[in-house]
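Comments concern the structure below.
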Amino acid sequence: MLKSHKELLGYGVAVVVICAATIVLRSFGDHVNATTVALTFLLLVLFLATAWGPKPAVLASVLAATSFNYFFLPPVGTFTISDPHNWVAIIAFLLTAVTVGQLSARAKQRTEEAEVGKRQIERLYEELREAFERASHAEALRQSEKLKSALLDAVTHDLRTPLTSIKASITTLLDEVRGRTDGNPMVALDEESKLEMMEVIDEESDRLNRFIGGLIELARIEAGEMHLRRRWGTVDEITSAALQRAEPVTRGHDIEVNIEADLPVVRVDERAVSEVVYTLVDNAAKYSPKGTSIRVTAQRYDEGMIKITVEDRGEGIAIDLRERVFDKFFRATRDGDISTHRPSGTGMGLAIAKGIVEAHKGEIWIESGTGGKGARVVFTLPIEDEDDDIRIP
Amino acid sequence: MNDKPRILVVDDEPQLTRVLRTGLTSRGFDVRAAADGLAGFEVFSDWQPDLIITDLAMPNMDGLEFCRRVRAISQVPIIILSAKGEEKTKVEALDIGADDFVTKPFGIDELLARVRASLRRAHAGPTKGAAQTLLECGDFHVDLDSRAVTVRGSEVHLTPKEFDLLTHFLKHPGKVLTHRTLLAALWGGNYVEQNEYLRVFVGNLRKKIETDAASPRYILTEPWIGYRFDPGE
């Protein structure tokens, strides 16, 4: 309905335009020649085709040819054409007008179709983008849920393991006390056994406390709330403090310390860096056999950096685990495939060490020990830093 | 002198094996400990314990594989120590042939009760009585030939499937039986996923043998795992 209405209007406009053009051109009398008239009509047909489509353009072409013949080709005022050249002219005009009209109308239609196609593609692209965003958002959520539950499992395990030993010890002791007070001693616990139970409770409580301390430290690092108290100090002092603290766990090992002569003083948080060295030495002692050596070295590295290494002669760490051991709660012995037992760590030491080293704008990584045996943990520290109180980014 | 029951404890947590060794020794058991399945299996082969207590997550050889190896050559009772979140592994271990489980953290009394029950069951022996036509256990008296069932002295009438279910329970008193184990025993391997069959039959059996089916004392539910049968005294 609307379409036919618009078409009718198109025909009307075609008639009006051609009539108006004829009147205007006639008003110039004999001053306009046939070529001017033909070109003007062609221009109008072109305009009508573009604005109103192919059919009004055809009507305009026929009207223009008729008007051209009647009003402008001699003999003027008749439909007869005397000169055979003018026959050629009128036919050429008609064909050109119709063709130009059709072509321009079609070009316009193509443009419109392309426009519609383009809008459709844009809409489709937008829909796809939204769908993709929704999907990737859901995936990210799922991943983070998975990670959360894995972390929760690890934490639960680390809390429940010492609790199990404590609970079993305390209930054994309770049974003994109750049996004695009831005058019905069914449990034969000698003093040595009682002492052992209490030792277990003591040690496992410390282990729980260490674990919780680690959790708090990690949370601080992750929240970016770790303040470094930088002061000038020597690497010698830092490593000595760490080794002194680690002495109870390294008694069975040979400790070799090799600090490069004339190593410049560094401006670091001594307590934090000493904690890193302690963690590395403690790990080395835990995961290498007694009687083997642990080597601690410090030397210059690149420009403005020093490098500290702790190397053991244990089984080493598989290449594919060398980055994962810095993830919190990851333990190569339990979660990886190292065939030694005794994973007594919290799975947080290296994660904390990494946090401290990176806060100092250094790097930490693991490589194979000398001759491909054992593990060597390396970390770097800048010698000078002008900032006073740096927060972890 | 050397007739103390022998218990092998397998766990990779040295503190826990220390406690269990002391706690169980003080109760008159002879205890040896191993830090993983592989070491545990060696001790088992050399020492022939009367009962095994094993953790599930261990390096070298985990608890599952350890249970499988032991079961392949022995019927010694196995109690699993499991943490929450290991339900799947726990059920798997029970399916393989473990007899019972204790969830960490546990009190020594609970563990000891399970140890005593498992040892009692093992000593009772799987084939007691000459032709095994009579099953007598706690409050239950079942004649396998005439299919007559008496509970607390009064006779009860059971459908054939209920009878099979009850005799299966009676043959494994105190032991945790997983849904899968019971389904396979009663209907065969094709029905092991049809837990609802089992729920219906257990419900019906409870109505006939329990004094109060809503709070059963014989057929006890182990949530998510299966059932445990307590024949009463």
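For the record, the sequence lines run as chains A and B.
Plus 298 on top of the position in the first sequence (first one is 1) and you've got the working numbering.
Plus 18 on top of the position in the second sequence (first one is 1) and you've got the working numbering.
Here a beta-carbon is modelled for each residue, glycine too, at the ideal position from N, C-alpha and C.
Which partner residues of residue i appear in the DSSP bridge assignment?
| i | result |
| --- | --- |
| residue 663 of chain A | A:676 |
| residue 52 of chain B | B:28 |
| residue 239 of chain B | B:245 |
| residue 96 of chain B | B:70 |
| residue 593 of chain A | A:554, A:609 |
| residue 153 of chain B | B:160 |
| residue 141 of chain B | None; residue 141 of chain B has no bridge partner. |
| residue 21 of chain B | According to DSSP, which records beta bridges pairwise, residue 21 of chain B is partnered with nothing at all. |
| residue 250 of chain B | Note: residue 250 of chain B sits in no beta bridge, so no partner. |
Would you give the residue range spanned by the beta strand (DSSP E) that residue i belongs to?
| i | result |
| --- | --- |
| residue 76 of chain B | Counting along the chain, residue 76 of chain B falls outside any beta strand (DSSP E), and DSSP gives it neither H nor E. |
| residue 376 of chain A | Segment: none, residue 376 of chain A is in no beta strand (DSSP E) and carries neither H nor E. |
| residue 607 of chain A | 603–609 |
| residue 564 of chain A | 564–566 |
| residue 208 of chain B | It is not in any beta strand (DSSP E) - residue 208 of chain B carries neither H nor E in the DSSP assignment. |
| residue 288 of chain A | The structure shown does not extend to residue 288 of chain A, since chain A is modelled only from 299 through 691, so no value can be given for it. |
| residue 174 of chain B | 172–174 |
| residue 118 of chain B | 118–121 |
Using a Cβ-Cβ cut-off of 6 angstroms (strictly less than) and excluding sequence neighbours within five positions of residue i, which residues of its own chain qualify?
| i | result |
| --- | --- |
| residue 523 of chain A | none |
| residue 675 of chain A | 578, 608, 664 |
| residue 315 of chain A | 342 |
| residue 466 of chain A | none |
| residue 620 of chain A | 664 |
| residue 347 of chain A | 355, 399, 402, 403 |
| residue 186 of chain B | 203 |
| residue 603 of chain A | 678, 680 |
| residue 659 of chain A | 680 |
| residue 562 of chain A | 681 |
| residue 43 of chain B | 49 |
| residue 654 of chain A | 570, 574 |
Any C-beta of chain B sitting closer than 8 angstroms to the C-beta of residue i?
| i | result |
| --- | --- |
| residue 469 of chain A | yes |
| residue 479 of chain A | no |
| residue 668 of chain A | no |
| residue 485 of chain A | yes |
| residue 672 of chain A | no |
| residue 639 of chain A | Low confidence applies here, because residue 639 of chain A scores a pLDDT of 42, under 50, leaving its location unreliable and the question unanswered by this model. |
| residue 458 of chain A | yes |
| residue 463 of chain A | yes |
| residue 504 of chain A | no |
| residue 621 of chain A | no |
| residue 496 of chain A | no |
Compare the C-beta of residue i against all C-beta atoms of chain A and say whether one is closer than 8 angstroms.
| i | result |
| --- | --- |
| residue 192 of chain B | no |
| residue 84 of chain B | no |
| residue 45 of chain B | yes |
| residue 62 of chain B | no |
| residue 123 of chain B | yes |
| residue 41 of chain B | yes |
| residue 105 of chain B | no |
| residue 31 of chain B | yes |
| residue 126 of chain B | yes |
| residue 231 of chain B | no |
| residue 26 of chain B | no |
| residue 242 of chain B | no |
| residue 239 of chain B | no |
| residue 101 of chain B | yes |
| residue 69 of chain B | no |
| residue 34 of chain B | yes |
The alpha helix (DSSP H) with residue i in it runs from where to where?
| i | result |
| --- | --- |
| residue 162 of chain B | Note, residue 162 of chain B: premise wrong, no alpha helix (DSSP H); not H, not E. |
| residue 496 of chain A | 489–520 |
| residue 221 of chain B | 213–227 |
Nearest to residue i by alpha carbon, out of the options?
| i | options | result |
| --- | --- | --- |
| residue 306 of chain A | A:351, A:327, A:344, A:319 | A:351 |
| residue 76 of chain B | B:130, B:51, B:61, B:28 | B:28 |
| residue 469 of chain A | A:573, A:498, A:511, A:533 | A:498 |
| residue 31 of chain B | A:461, A:332, A:682 | A:461 |
| residue 452 of chain A | A:646, A:659, A:477, A:666 | A:646 |
| residue 406 of chain A | A:349, A:431, A:421 | A:349 |
| residue 592 of chain A | A:583, A:600, A:598 | A:583 |
| residue 456 of chain A | A:372, A:478, A:505, A:471 | A:505 |
Can you give me the Cβ contacts of residue i inside the same chain, cut-off strictly under 8 angstroms, excluding the 5 residues immediately before and after it?
| i | result |
| --- | --- |
| residue 183 of chain B | 200, 204, 219, 220, 223 |
| residue 587 of chain A | 611, 612 |
| residue 376 of chain A | 368 |
Closer than 7 angstroms by beta-carbon distance: list the chain C residues that pair up with residue i, in chain order.
| i | result |
| --- | --- |
| residue 38 of chain B | Any reference to chain C falls outside this structure, whose protein chains are A and B. |
So, for residue i: in the same chain, excluding its five sequence neighbours on each side, which residues have a beta-carbon less than 7 angstroms away from its beta-carbon?
| i | result |
| --- | --- |
| residue 340 of chain A | 394, 395, 398 |
| residue 168 of chain B | 159 |
| residue 174 of chain B | 167, 226, 227 |
| residue 518 of chain A | 524 |
| residue 558 of chain A | 596, 597, 598 |
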